[in-house]
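Numbering follows the UniProt record's numbering, in which position 57 of the sequence shown is assigned residue number 57; successive positions increment by one, without gaps.
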Amino acid sequence: AIVVAFILLRAGLNIEASIFKTRGGLISRMAFIPGLSEMLVASSFAFFLFKLPWFWSFLFGCSVAPLSPLAIIYSLVKLRESGYGEDKGISSVLLMMYALDNITLVTLFGVFFTITFDVKIADKKTIGIIFMQTFFAICGSIGVGFVMGVFITFFPHRYDPYCGVWRTVLLTCSGFGTVLLTHILKIDGAGYLCTIVMAFTASVGWKALGTPNYSNPVNMVFAMVWHVLQPTALGLIGAEVNIFELENHTVKAALLVIPFCMMQTRFVMAFLTTSMAGFNLKERLFMSLLALTKGTPQAALAPMAMDLAHGRNQAHFAKHLLHVCVLEVLVTLPLGPLIATFTGPLLLTKHEVNRGSDETYLPQHESWDEEPPPIGRPRYRSVVSRINTDNEFMLYTGRRHTDSFV
């Protein structure tokens, strides 16, 4: 849970708010259409090939379809820092797509997980209530995440000498607490969404107050900690993979389904959703290839179904799900970093990042000739000093200073 919370927090901090104005429709299409299409195809194959019941088939589809932000976020952030594709915001689009795809399919997994293993569910009304509860949980998590992000934006005050430390501590503790609490309440998807909305809101607020991403101490701390957490998280995923439990007929079926059905479906749908969005063929190919990376959700969701299936005489259903997830982790987990590292510089255009032109570095009423305010105290301490400053400015320049109170 700690690793998942950290991934979501770093992803939220690296999302550009301006991308929603120009790429909002593209993000929605890439987040929902390829993932849901792959989920339906995988569910159909589970029903016809593995002879699973329909609810188990949908549980199967929701387990194998989610993307893995853990496997790709570091590579995307490095491409973004190097300027590859930043003229069109490709890294921000992919980060948001990964987050929304993961949240959507994990939330659907929770719904079908409840329907499959809750013996009290016997009619359509109860199933409808579960879907309504899930919808309200998602809406509530967005609202709570927004409120928490606004709070962290203004508290502590931006001129506090330990502002960076307190922001890091508050954001980290809030993210970890949210993910753990929602995990206890069995609404993990809502916790993921709340965490990423909180980090995104705080990042936008800090930029509006004059702290751009490239000089934000919170981003720097998260980048350093990630070098320790990344190998740890990938090692935990590897510990969940047991290749000695695989069965021959399951392996053959999975090797047929994974590359030729599920991956092909997601690649084709991702390529189609990027059409007429202002990208050239190379950029569309890069974005579609990066939509194939799995790993973290499969290693976490499959054991959950296996544990409950043992106590309900449904272990033979869960074995198919677990074996396919294990093979999918082995096949697709290395794809994302390899594709981003080797094909990113080849397929994407490098855009020189001019950090000095960041409009959020200085408030709009300040000029570049002025000396920035000292760290730890406000520019003007009182109304009297403000009046004296205005008089001196008018004496030497012949015009009144137009600064407003900050």
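We put the CB at the ideal spot given by N, CA and C, even for glycine.
Residue from the options whose Cα sits closest to the Cα of residue i
i	options	result
G191	G128, N102 and L170	N102
F131	T107, K319, A305 and T168	T107
F146	T104, L193 and I184	L193
A11	S37, I72 and W54	I72
G25	V225, I184, V221 and M97	M97
R29	F20, F155, T172 and T274	T274
K319	T250, V228 and T153	T250
R158	G110, K186, I184 and K207	K207
I90	I15, I138 and F155	I15
T293	P259, E283, N280 and S215	P259
C139	I187, L36, V221 and F222	I187
L36	Y162, A291, T232 and T172	A291
P217	P161, A17, T296 and V331	P161
Coil, strand or helix - residue i by DSSP
i	result
Y84	strand
K78	helix
K294	coil
T186	The residue asked about is misnamed: residue 186 is Lys in this sequence, not Thr. DSSP places K186 in coil when its eight states are reduced to three.
K51	coil
Same chain, Cβ closer than 6 Å to residue i, five either side skipped, listed in chain order
i	result
A254	V324 and L327
F117	L308
L209	R158
P156	C163 and W166
V144	C194
Cβ neighbour criterion (16 or more within 10 Å) applied to residue i
i	result
residue 409	Because residue 409 is not part of the residues shown, which for the chain are 1 to 406, the question remains open.
I129	exposed
V4	buried
L338	exposed
V268	exposed
I184	exposed
P372	Low confidence applies to P372: its pLDDT is 47, below 50, so where it sits in the model is not reliable, and the reading given next is rough at best. Looking at its Cβ environment, which holds fewer than 16 other Cβ atoms inside 10 Å, P372 is exposed.
residue 411	The chain is shown from 1 up to 406; residue 411 falls before or after that span and cannot be answered.
V77	buried
G295	buried
L281	exposed
K88	buried
T232	exposed
K21	exposed
Beta-carbon proximity of residue i to residue j, cut-off 9 Å
i	j	result
G61	L40	yes
L13	N219	yes
S63	L301	yes
residue 451	I2	Residue numbering for the chain in the displayed model covers 1 to 406; residue 451 lies beyond these limits and cannot be assessed.
L335	L289	yes
Q264	P66	no
R23	S92	yes
residue 412	F113	The chain is shown only over 1 to 406; residue 412 falls outside these bounds and no answer can be derived.
K350	G83	yes
F32	T134	no
T343	F279	no
E283	G85	yes
A137	L321	no
A277	P34	no
F6	L229	yes
A17	S203	yes
7 Å CB neighbourhood of residue i in its chain, flanking five on each side removed
i	result
F317	L52, W56 and A309
T341	S75
V150	T201 and G205
E38	A65, M262, T265 and R266
M148	S174 and M198
W226	R10 and Y74
V221	T168
L170	I152
P345	Y84
Neighbourhood of residue i by C-beta distance below 8 Å, restricted to the same chain and skipping five residues each side
i	result
L8	P69, A99, G175, V179, Y192, T195, I196 and A199
L49	A253 and V257
N313	none
R80	N14, E86, S91 and S92
I19	I27, G89, S92, V93 and M96
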